[in-house]
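J.:
In UniProt numbering, the protein residues as written are 1 to 78.
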């Protein structure tokens with residue numbers, strides 16, 4: 001671009017906002033592809049929106065980096 005100055009077009013990203021419901025925790029169904037099993041879990045998101053963590057029926061906590069998610073579904077036929 002003619003006349004463009006370097007550094008003028010810097011992008012300012014806003015931090016993600018995580019709603020209180022997800023910070024406190026909500027009930028979700030976690031589906032495991034390998035075992036073809038479904039489990040009811042309490043899912044929480046950290047306040048920065050970087051990590052998901054959930055507690056299953058055995059009260060063991062699992063953590064997932066949000067950048068590794070490749071599929072999410074909602075609705076009746078999810």
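Heads up, the beta-carbon is just placed ideally off N, CA and C, and yes, glycines get one too.
Remember, it's a predicted structure, so these values are computed and weren't measured experimentally.
Using C-beta distances below 8 Å, list every residue in its chain close to residue 63, excluding the 5 sequence neighbours before and after it, in chain order.
T.: As a first step, residue 63 must be located in the chain shown, where it is residue number 63. Taken in chain order, the residues that qualify are 51, 52, 53.
J.: Going by DSSP, what residue range makes up the alpha helix (DSSP H) through residue 23?
T.: Locating residue 23 in the chain shown gives position 23, counting from the first residue. 20-24 is the span of the alpha helix (DSSP H), which, as asked, contains residue 23.
J.: For residue 38 and residue 28, I'd like the C-alpha separation in whole angstroms.
T.: By one-based count along the chain shown, residue 38 stands at place 38. By one-based count along the chain shown, residue 28 stands at place 28. Going from the Cα of residue 38 to the Cα of residue 28 covers about 10 Å.
J.: Just to confirm my understanding: we take residue 41, look at its own chain, exclude 5 residues before and 5 after, and list those with CB closer than 7 Å. What are they?
T.: For this step, residue 41 is matched to residue 41 along the chain shown. Once the five neighbours on either side are set aside, the close Cβ partners of residue 41 are 28, 30, 54, 55, 56.
J.: Using CA coordinates, which residue listed in 68, 48, 12 is at the minimum distance from residue 19?
T.: Sequence index remark: in the chain shown, residue 19 carries index 19 (1-based). It is 48.
J.: So, at 7 Å on beta carbons, what are the nonlocal neighbours of residue 23 in its own chain, with the 5 sequence-adjacent residues on each side left out?
T.: Here the question's residue 23 lines up with position 23 in the chain shown. Cβ neighbours of residue 23 beyond the five flanking positions: 44, 45, 47.
J.: Determine the direct distance from the alpha carbon of residue 15 to that of residue 74, and round the result to whole angstroms.
T.: Taking the first residue of the chain shown as 1, we reach residue 74 at position 74. Taking the first residue of the chain shown as 1, we reach residue 15 at position 15. Each residue's Cα considered, the two are about 24 Å apart.
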